[in-house]
Structure formats: C-alpha cells, structure tokens
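Residue numbers (this note's numbering): 11 to 178.
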C-alpha cells in the first residue's frame, strides 16, 4: 500500500511573491535613506556656510579699515566657496567644497564683501544652497541684512528680505 507523505516547504510561487515583496520594501527603504542623507548634507553645508560668513563678519570687524585690499571676501563657484582675507597678499582660507549634489549661488554675483564700516558691502544679500538630490524643500537660503549684518536661514520656497526691511 502506498503512503502519502505530507511535505513541508514552500511552493515556487510563494517564494517568488515573498522575494518580490522584500525587493519592494528594500527599494522604498533605500530611497528614504538617500533622502535623509541628502537632507543631512544640506543642513550640514548650511550650518558650515553660516559659521564661515559669521567668521567673515568677525574678521572684518577686527580689521577696521576701509581699504579695498583689506575687505574680507567670500567667492562662490558652483559647489565650493573660499574666504579671502586680503586681496593683495592673497591671504585666504582653504576652499570649502560642498557635499555632492549641493550647489551654492549668491544674489550679488559671485563675491560677497565685508568691511568694518558696512557689515555687508553689498545690499541685502541672499546665499542659496540647493540640493539636487531632494524632491521637495531642497533649498536653504542665508539672508543677510546690510545695515545690521544679521544672518538668518530661510528654508521657504520664496525667501524674502521682508523681516529685515520691516525692522529698519
């Protein structure tokens, strides 16, 4: 007489369904992790640039001169920037390269200047950091008030000088 044994295991269809579900879950997790990393890179670059601009303000206050050669400048180019403390002597801090996928732009061209008389030689200024890796909320803007030198970080889609102008 033949006995039928019960077999323990999974069918090929069941295994394929489980593998497909795990693949979908892994893909979603990888996308979310990459967005977290990109957001962190943008925040880190913003904080570092903010600290560097404040350092520029401090250096310009220490110089207390109105000579163009002694202005403290920061020059922006694509994904990097450099602080130059003396044009004629070519004294500068090492250039800072931003994390991959992050670019910097300045509303006043490519150079922001500070001296002891005017905390920002330019008019009110905006420095914008943009992340190409984020789908939304992908910019951080440093808004600098000329008269006070106040710097604030704006993460809205359309930053403005409104709070600086209304405080005058």
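Virtual Cβ for every residue (Gly too), placed ideally from N, Cα, C.
### Task
Compute the Euclidean distance between the alpha carbons of residue 103 and residue 83, then round it to the nearest angstrom.
On the chain shown, residue 103 is found 93 positions in, with the first residue counted as 1. On the chain shown, residue 83 is found 73 positions in, with the first residue counted as 1. C-alpha separation (whole angstroms): 11 Å.
### Query
Residues in its own chain within less than 8 Å of residue 9 by CB, not counting five upstream and five downstream?
The first residue shown for the chain is 11 and the last is 178, placing residue 9 beyond what the model contains.
### Contact set for residue 45: own chain, Cβ-Cβ below 7 Å, skip 5 residues either direction
Taking the first residue of the chain shown as 1, we reach residue 45 at position 35. Taking residue 45 as the centre and dropping the five residues before and after it, the same chain places the C-beta of 144 closer than 7 Å to its C-beta, in chain order.
### Query
Taking the alpha-carbon positions, what's the residue 158 to residue 146 distance?
Within the chain shown, numbered from 1, the residue matching residue 158 stands at position 148. Within the chain shown, numbered from 1, the residue matching residue 146 stands at position 136. Their Cα atoms are separated by approximately 32 Å.
#### Entry: Cβ distance (whole Å) where residue 180 is taken to contact residue 141 below 8 Å
The structure shown does not extend to residue 180, since the chain is modelled only from 11 to 178, so the question has no answer here.
### Task
Give me whichever residues DSSP pairs with residue 164 in a beta bridge.
Locating residue 164 in the chain shown gives position 154, where the first residue counts as 1. The partner list for residue 164 (beta bridge, DSSP) reads 151.
### Task
Please state whether DSSP places residue 156 in a helix, a strand or coil.
In the chain shown, counting from the first residue as 1, residue 156 sits at position 146. Correct three-state label for residue 156: coil.
### Query
Should residue 175 go down as buried or exposed, given a rule of 16 or more other Cβ atoms within 10 Å for buried?
The residue labelled residue 175 in the question sits at position 165 within the chain shown. Unreliable positioning characterises residue 175 in this predicted model, as indicated by a pLDDT of 47, which lies under 50. A coordinate reading is not provided.
### Task
Quick one: residues in its chain with C-beta nearer than 7 Å to the C-beta of residue 85, no 5 flanking neighbours on either side, listed in chain order?
On the chain shown, residue 85 is found 75 positions in, with the first residue counted as 1. Counting only Cβ-Cβ distances below 7 Å, and skipping sequence neighbours, we find 91, 92, 94, 120, 121.
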